[in-house]
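Just so you know, the protein sequences line up as chains C and B, in that order. The numbering used here numbers the first residue of the first sequence as 330 and each following residue consecutively. The numbering used here numbers the first residue of the second sequence as 330 and each following residue consecutively. Idealized CB from N, CA, C, for every residue including glycine. From a predicted model like this one, the values you see are computed outputs, not experimental measurements. The next block holds one structure in the form of structure tokens; read it before the comments.
Protein chains: 2
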Amino acid sequence: MRRKSREIKIGNKKMGGTAALLVQSMTNTDTKDVEKTVSQIKELEEAGCDVIRVAVLDKEAAEKLGEIKKRINIPLVADIHFDHKLALEAINQGVDKVRINPGNIGNIENVKKVAQSAKHKGIPIRIGVNIGSLDKKAEAKYGRTARALVESALNEVRVLEKLGFFDIVISLKSSDVARTVEAYRMVAEKCDYPLHLGITEAGTYMAGTIKSSIGIGSLLLDGIGDTLRVSLTENPVKEVLVGRQILKSVGLLNEGVEIISCPTCGRTQIDLFSLVEEIEKLTASIKKPLKIAVMGCVVNGPGEAKEADLGIAGGNGRGIIFKKGEVSKTVLEKDLLGEFKKELNKFLGAK
Amino acid sequence: MRRKSREIKIGNKKMGGTAALLVQSMTNTDTKDVEKTVSQIKELEEAGCDVIRVAVLDKEAAEKLGEIKKRINIPLVADIHFDHKLALEAINQGVDKVRINPGNIGNIENVKKVAQSAKHKGIPIRIGVNIGSLDKKAEAKYGRTARALVESALNEVRVLEKLGFFDIVISLKSSDVARTVEAYRMVAEKCDYPLHLGITEAGTYMAGTIKSSIGIGSLLLDGIGDTLRVSLTENPVKEVLVGRQILKSVGLLNEGVEIISCPTCGRTQIDLFSLVEEIEKLTASIKKPLKIAVMGCVVNGPGEAKEADLGIAGGNGRGIIFKKGEVSKTVLEKDLLGEFKKELNKFLGAK
Numbered sequence: 330m331r332r333k334s335r336e337i338k339i340g341n342k343k344m345g346g347t348a349a350l351l352v353q354s355m356t357n358t359d360t361k362d363v364e365k366t367v368s369q370i371k372e373l374e375e376a377g378c379d380v381i382r383v384a385v386l387d388k389e390a391a392e393k394l395g396e397i398k399k400r401i402n403i404p405l406v407a408d409i410h411f412d413h414k415l416a417l418e419a420i421n422q423g424v425d426k427v428r429i430n431p432g433n434i435g436n437i438e439n440v441k442k443v444a445q446s447a448k449h450k451g452i453p454i455r456i457g458v459n460i461g462s463l464d465k466k467a468e469a470k471y472g473r474t475a476r477a478l479v480e481s482a483l484n485e486v487r488v489l490e491k492l493g494f495f496d497i498v499i500s501l502k503s504s505d506v507a508r509t510v511e512a513y514r515m516v517a518e519k520c521d522y523p524l525h526l527g528i529t530e531a532g533t534y535m536a537g538t539i540k541s542s543i544g545i546g547s548l549l550l551d552g553i554g555d556t557l558r559v560s561l562t563e564n565p566v567k568e569v570l571v572g573r574q575i576l577k578s579v580g581l582l583n584e585g586v587e588i589i590s591c592p593t594c595g596r597t598q599i600d601l602f603s604l605v606e607e608i609e610k611l612t613a614s615i616k617k618p619l620k621i622a623v624m625g626c627v628v629n630g631p632g633e634a635k636e637a638d639l640g641i642a643g644g645n646g647r648g649i650i651f652k653k654g655e656v657s658k659t660v661l662e663k664d665l666l667g668e669f670k671k672e673l674n675k676f677l678g679a680k
Numbered sequence: 330m331r332r333k334s335r336e337i338k339i340g341n342k343k344m345g346g347t348a349a350l351l352v353q354s355m356t357n358t359d360t361k362d363v364e365k366t367v368s369q370i371k372e373l374e375e376a377g378c379d380v381i382r383v384a385v386l387d388k389e390a391a392e393k394l395g396e397i398k399k400r401i402n403i404p405l406v407a408d409i410h411f412d413h414k415l416a417l418e419a420i421n422q423g424v425d426k427v428r429i430n431p432g433n434i435g436n437i438e439n440v441k442k443v444a445q446s447a448k449h450k451g452i453p454i455r456i457g458v459n460i461g462s463l464d465k466k467a468e469a470k471y472g473r474t475a476r477a478l479v480e481s482a483l484n485e486v487r488v489l490e491k492l493g494f495f496d497i498v499i500s501l502k503s504s505d506v507a508r509t510v511e512a513y514r515m516v517a518e519k520c521d522y523p524l525h526l527g528i529t530e531a532g533t534y535m536a537g538t539i540k541s542s543i544g545i546g547s548l549l550l551d552g553i554g555d556t557l558r559v560s561l562t563e564n565p566v567k568e569v570l571v572g573r574q575i576l577k578s579v580g581l582l583n584e585g586v587e588i589i590s591c592p593t594c595g596r597t598q599i600d601l602f603s604l605v606e607e608i609e610k611l612t613a614s615i616k617k618p619l620k621i622a623v624m625g626c627v628v629n630g631p632g633e634a635k636e637a638d639l640g641i642a643g644g645n646g647r648g649i650i651f652k653k654g655e656v657s658k659t660v661l662e663k664d665l666l667g668e669f670k671k672e673l674n675k676f677l678g679a680k
């Protein structure tokens, strides 16, 4: 059961409430370089990125945001640290959301100015707390804990609420998975603002994917979370692909092909690695939701394939093709891929 | 808080209770081919595999288990489907555990024979339920649900308990992450047997890693699970590496280097991708637990690096090296890696 969160608007998208979960990423270009930044955002859009954030390091970068915004199709978020004037300029440039870090944005007067400006333009603010830059008082009281992450965020939330500002998104990131999950579970109980999930500084491609999958995935399974960003020390396109795969894995994104394939064991009597690879290539561009099983033996094969729209199980030089749970054909192993293609085309045509 | 499970013995290892979580994998060689099977097991041992399972397809394979067992250092598990006589022969050959699938092992008399033989030899049995081969009655009553997975297992558990057999491990696998997690949470409440975690037929390397990380990881965060196997359509060495990384990510394996690195953004003013890659290579073989931060900017860098044993933060042609939370050196970017190596060696030598 999904946590009931407040629905807010971010440019042409909705976040929270019953809206679909949004996958975010962040450019790693110099924001002042409009060409490079726009080009990377287009690539990320293509990969399925729903919302894009850019770092705003200085006034010059802030002044380019309007131009960037005009040339892209997804909501643009300005990432602000230290200097609230950069937030004001970003809002003035027409960004769809700003992210501020309560640990370094300075005194309450600065936060108030940003909130008033955001309210005037009708855009939300993300209070993006990071374990590395906690609210000083919260850190002194609770140490570098989940509780401190939550209190850092809620202190800032109260400031915004007093100004009548409620279009708030919260994130509570640390590089420690257990602490991050604990913090999100805690804050989920204490307010109804949409939550932006992520593990910060998660690391390299594999280690970061594993950390992010555990942290983000376990919260999603609990019904917590309205948007997510996977942080990887990698091309941000990978962040989007992993983010989408996490959503697919927990049943929150029903798009494209899901391949169920067995790990191969001593029972496998067919070259499953190549077969799965071929089928992965063959189906990579399909947007329709489609569950395909590729099984190497008769033990689990037919049973699992029952749940797949299309399935192959092979062994001993022969193969079986399943179609929506019914055995469709028994063929020689060498004809298996060819016959599968035919069935796939029928299936796609028929849908 | 870890779920209190019964401690059992598997060869030279303990499972459950307060024992360390065990990472398992499965060979994909022909078990009859002793040379190839032993060679793959050695490779898996080297990668950190704690327990190895082999498929036992026929009598000839079962009769090779004693020879395989003699030549390896980790506990050997026989994976049995359909034919209980293969389980009897495997036990006779001295395997350390057998896995049976209640959905296909046949009538209760067969199960009893296996249990009596296992009891005589003092080895445990894993009741390995798979959504593709549920107990017929449980499936008829509950459909292909988490409840049916649990009931399939518990029906078999009751048979073993009546025989005074309690060295039981349970697994409840499906390729659906949410259903799998639900099933394990349910069974965790209903008994104290050690649980073997896994998502079955999880798929290819990336998709399977993501599914397994979410499913296994979220259970581990809840304190559920005593052993795990990541199923990937890939070289089983990858299964072991991903399994170990999952344990590290939730703080259950404190070994080797953890790299905390930021995703790079417009703020990054250093070539972080190459730097992280270099440091990853440099530290790959270190067994001592060591947390290294590699950060691309001053915003999150120093804050996160506080928690790392060693940290680098760079930007603007200069870099800072941290050592156990204290700034150790400020150096030119070109000297950063060299200076880091020196500090690393000091750190390793000093420990």
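By the CB criterion at 8 Å, L417 of chain C and L581 of chain C fall outside the cutoff. Restricted to the region 439 to 482 of chain C, the beta strand (DSSP E) segments that are unbroken, complete and at least 3 residues in length are 454 to 459, listed in chain order. CA-CA distance, K540 of chain C to S542 of chain B, rounds to 8 Å. Taking a C-beta cut-off of 7 Å against chain B, the contacting residues of the region 573 to 584 of chain C are Q574, I575, S578, V579, G580, listed in chain order. Note on geometry: alpha-carbon atoms of K441 of chain C and K491 of chain C lie some 10 Å from one another.
Between V385 of chain C and the set C:G544, C:D362, C:F495, C:G345, the nearest pair of CA atoms involves C:D362.
In the DSSP annotation of this structure, the continuous segment of the alpha helix (DSSP H) that includes T509 of chain C starts and ends at 506 to 519. Distance from the CA atom of R400 of chain C to the CA atom of E392 of chain C, rounded to whole angstroms, is 15 Å. One alpha carbon belongs to K675 of chain B, the other to Q369 of chain C, and they sit about 41 Å apart.
When beta bridges are read from the DSSP output, E655 of chain C appears opposite C:K652. In the structure shown, S541 of chain C falls within a helical segment according to DSSP collapsed to helix, strand and coil. In this structure, DSSP gives D664 of chain B a helical state, which the three-state scheme calls helix.
Residue pairing of E587 of chain C in beta bridges, as defined by DSSP: C:K620. Residues of chain B with a Cβ closer than 7 Å to the Cβ of M355 of chain C are, in chain order, P592, C594.
For S503 of chain B, the closest C-alpha among the options C:L373, C:S578, C:K388 is that of C:S578. The beta carbon of K343 of chain C sits closer than 7 Å to the beta carbons of E336 from its chain, once the five residues preceding and following it are set aside; these are given in chain order.
According to the DSSP assignment, A384 of chain B belongs to the beta strand (DSSP E) that extends over 380 to 384. In this structure V656 of chain B is exposed. Its beta-carbon is surrounded by fewer than 16 other beta-carbon atoms within 10 angstroms. C-alpha of E438 of chain C to C-alpha of M355 of chain C: approximately 28 Å in a straight line. Contact between the region 553 to 562 of chain B and the region 552 to 561 of chain C is absent: fewer than three C-beta pairs spanning the two stretches fall below 8 Å. Look at G640 of chain B here: in three-state DSSP terms it is strand.
It is roughly 19 Å from the alpha-carbon of A477 of chain B to the alpha-carbon of H410 of chain B. Annotated three-state conformation of T358 of chain C is coil, per DSSP.
Under a 10 Å Cβ-count criterion, H525 of chain B is classified as buried, with 16 or more other Cβ atoms of the shown protein chains found around its own Cβ. Non-local C-beta neighbours of G572 of chain C in its own chain, meaning closer than 6 Å and more than five positions away in sequence, comprise V352, L557, V559, ordered along the chain. By the neighbour-count criterion, in which 16 or more other beta carbons inside 10 Å mark a residue as buried, M624 of chain C falls on the buried side.
It is roughly 11 Å from the alpha-carbon of L665 of chain C to the alpha-carbon of G644 of chain C.
S547 of chain C is classed as buried because its beta carbon has at least 16 other beta carbons within 10 Å across all chains shown. Annotation for R573 of chain C: no beta strand (DSSP E) segment contains it, though the alpha helix (DSSP H) segment containing it runs 565 to 578. For the region 544 to 564 of chain B, the set of residues with a beta-carbon nearer than 7 Å to any beta-carbon of chain C comprises G546, S547, L550, S560, L561, T562, in chain order.
Around the beta-carbon of K398 of chain C, 16 or more other beta-carbon atoms lie within 10 Å, marking it buried.
Among the CB atoms of chain C, one or more fall inside 8 Å of the CB of A536 of chain B.
Judged by beta-carbon spacing, S614 of chain B lies beyond the 8 Å limit of T533 of chain C, meaning their Cβ atoms are not closer than that value. Membership of S500 of chain B in the beta strand (DSSP E) is indicated by the continuous run 497 to 502.
Taking 8 Å as the CB threshold, I429 of chain C stays off the interface with chain B.
Those residues of the region 647 to 662 of chain C placed with their C-beta closer than 8 Å to a C-beta in chain B do not exist.
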